[in-house]
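Residues 1 to 277 in the UniProt record's numbering are what the sequence shown spells out, letter by letter. Below you'll find the structure, written out as structure tokens, and then a few comments.
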Amino acid sequence: MTIGEALKQIRHELYLTQEQMCAGVVTRSFYAKVESGRNRISADKLTEILFEHDIDITYFYQLLRNTYSSQSKLKENDLNQKMNQAFNSGKIELIEQNYHKILLQSNSSILKLRAMISVANLKDELNLIDPKVKEKLFVEFDEGANWMTRPDLLRLFTDTMPLWDSSDLSFFIGRLLAKVQKEHNIPELLQERYLRVFENYLAVYYKKNNPVKTINVNVQKIFDYILNLEPTVHFLLYKIAAVYLQNLFLGNKEEAQKIKNEMKKYGYQDIVKTWPK
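Dropping the structure here:
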């Protein structure tokens with residue numbers, strides 16, 4: 001969908017005329033040509049129109065993704081999505097099938113690393129991974145990588161945690177915690193990415209240390225951070241997962257099971273399937 005087509009679709013969803021949609025930012029005749037693809041609109045003017053009507057910018061750009069993303073990027077997204085669906089299904093054959101597709105079709109070394117380590121972890125074969133792979137992984141997180149703001153590296157960090165030594169993992173989690181505690185205006189999308197990292201760290205820590213005898217400083221800081229977040233809808237599932245994991249850490253397995261049962265009752269079976277027991 002082009003920018004003009006997306007504007008037209010949203011205008012229809014809002015039941016607005018072209019005159020109302022352009023809101024005086026541009027003339028109606030100019031705007032009409034944008035919708036029909038005969039005029040280009042500047043980023044400034046487009047943003048003004050979106051803000052004027054309280055249009056969700058994330059939704060707007062989702063409409064544009066297939067048109068303006070490169071073919072290689074679309075391919076990576078498709079491979080990644082199918083791999084995630086395979087993991088949610090829990091079917092080993094489907095997971096391995098999608099893993100081999102990534103090896104053959106992807107140009108992304110990061111996606112290949114994520115898939116390789118995730119599959120090895122699922123099959124309990126992390127010990128079979130070549131040490132050179134681990135060295136290659138750590139290179140991605142050197143000082144110049146800006147990994148704390150790059151979505152691809154945050155996903156890589158999350159998916160490869162089982163391979164990390166506890167001390168190295170604790171060091172990098174500590175750095176990320178220091179960042180989020182220092183900054184007060186983190187964009188919501190980036191904050192959700194951090195929450196996925198933290199939630200996965202709690203799960204990995206629990207699996208490696210079950211039964212948990214002592215809770216390290218980072219674990220406690222993560223629980224405090226998540227549970228003290230603003231009670232918005234976007235953070236709801238992360239807060240529920242944190243309460244579930246906190247009960248596991250404290251040995252309250254019956255209470256944890258109640259939370260999991262409630263989640264299943266409301267249709268979140270795929271989410272709780274990956275939670276540690």
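Cβ atoms here follow ideal geometry from the backbone N, Cα and C, with glycine treated the same way. These numbers come from a predicted model, not from an experiment.
For glutamine 246, count neighbouring Cβ atoms within 10 angstroms of its own Cβ and tell me buried if that reaches 16, exposed if not.
Start at 1 with the first residue of the sequence shown, and residue 246 comes out as number 246. Residue burial is scored here from C-beta neighbours: glutamine 246 has at least 16 other C-beta atoms within 10 angstroms and is therefore classed as buried.
Would you kindly report the start and end of the unbroken alpha helix (DSSP H) that includes methionine 263?
Counting from one through the sequence shown, the residue named residue 263 turns up at place 263. In the DSSP annotation of this structure, the continuous segment of the alpha helix (DSSP H) that includes methionine 263 starts and ends at 253-265.
As a quick exercise: from Met116, Val139, Glu140 and Phe141, pick the residue whose alpha carbon is nearest that of aspartate 130.
The residue you call residue 130 lines up with position 130 of the sequence shown. Residue Met116 is the option with its Cα nearest to aspartate 130.
With distances taken between CB atoms, is the gap from lysine 182 to proline 276 smaller than 8 Å?
Here residue 182 corresponds to residue number 182 of the sequence shown, with the count starting at 1. Here residue 276 corresponds to residue number 276 of the sequence shown, with the count starting at 1. The beta carbons of lysine 182 and proline 276 sit no closer together than 8 Å.
Between threonine 67 and threonine 2, how many whole angstroms is the CB-CB distance? I'm expecting something under 8 Å.
To locate residue 67, count along the sequence shown from 1; it is residue 67. To locate residue 2, count along the sequence shown from 1; it is residue 2. Rounded, the Cβ-Cβ distance is 6 Å, consistent with contact.
Classification of lysine 260 by the beta-carbon crowding that lies within 10 angstroms, buried from 16 upward:
The residue you call residue 260 lines up with position 260 of the sequence shown. Buried, because 16 or more other Cβ atoms sit within 10 Å of the Cβ of lysine 260.
Span of the alpha helix (DSSP H), counted from its first residue to its last, around arginine 11:
Translated into positions along the sequence shown, residue 11 becomes position 11. The continuous alpha helix (DSSP H) containing arginine 11 extends over residues 3-13.
Note down, in chain order, each residue of its chain lying with its Cβ closer than 7 Å to the Cβ of glutamate 192, except the 5 sequence neighbours on either side.
Position 192 of the sequence shown holds residue 192. Sequence-distant partners of glutamate 192 (beyond 5 residues in either direction) whose C-beta falls short of 7 Å from its own C-beta, in its chain, are His234.
Assigned secondary structure, aspartate 142 (DSSP; H/G/I helix, E/B strand, else coil):
Sequence index remark: in the sequence shown, residue 142 carries index 142 (1-based). The answer is coil: DSSP assigns aspartate 142 none of H, G, I, E or B.
Every unbroken alpha helix (DSSP H) within the region 61-107, with a cutoff of 4 residues, ordered by chain:
Listed in chain order, the complete alpha helix (DSSP H) runs (minimum 4 residues) inside the region 61-107 are 71-89 and 92-105.
Use the C-beta contact count for arginine 38: other C-beta atoms within 10 angstroms, 16 or more gives buried, fewer gives exposed.
Taking the sequence shown and counting its residues from 1, the one referred to as residue 38 is at position 38. Burial call: exposed.
Alpha helix (DSSP H) segments (min. 4 residues) lying fully within the region 198-226:
Those alpha helix (DSSP H) runs which fall completely within the region 198-226 and span 4+ residues do not exist here.
In chain order, what residues of the same chain lie with their CB nearer than 6 Å to the CB of tyrosine 244, ignoring the 5 residues before and after it?
Locating residue 244 in the sequence shown gives position 244, counting from the first residue. Leaving aside the five residues that flank tyrosine 244 on each side, the residues in its chain whose CB is nearer than 6 Å to its CB run, in chain order, Ala256 and Ile259.
Rounded to whole angstroms, how far is the Cβ of leucine 177 from the Cβ of lysine 221, which I believe are closer than 8 Å?
Position 177 of the sequence shown, counted from the start, is the residue given in the question as residue 177. Position 221 of the sequence shown, counted from the start, is the residue given in the question as residue 221. So it is a contact: roughly 5 Å between Cβ atoms.
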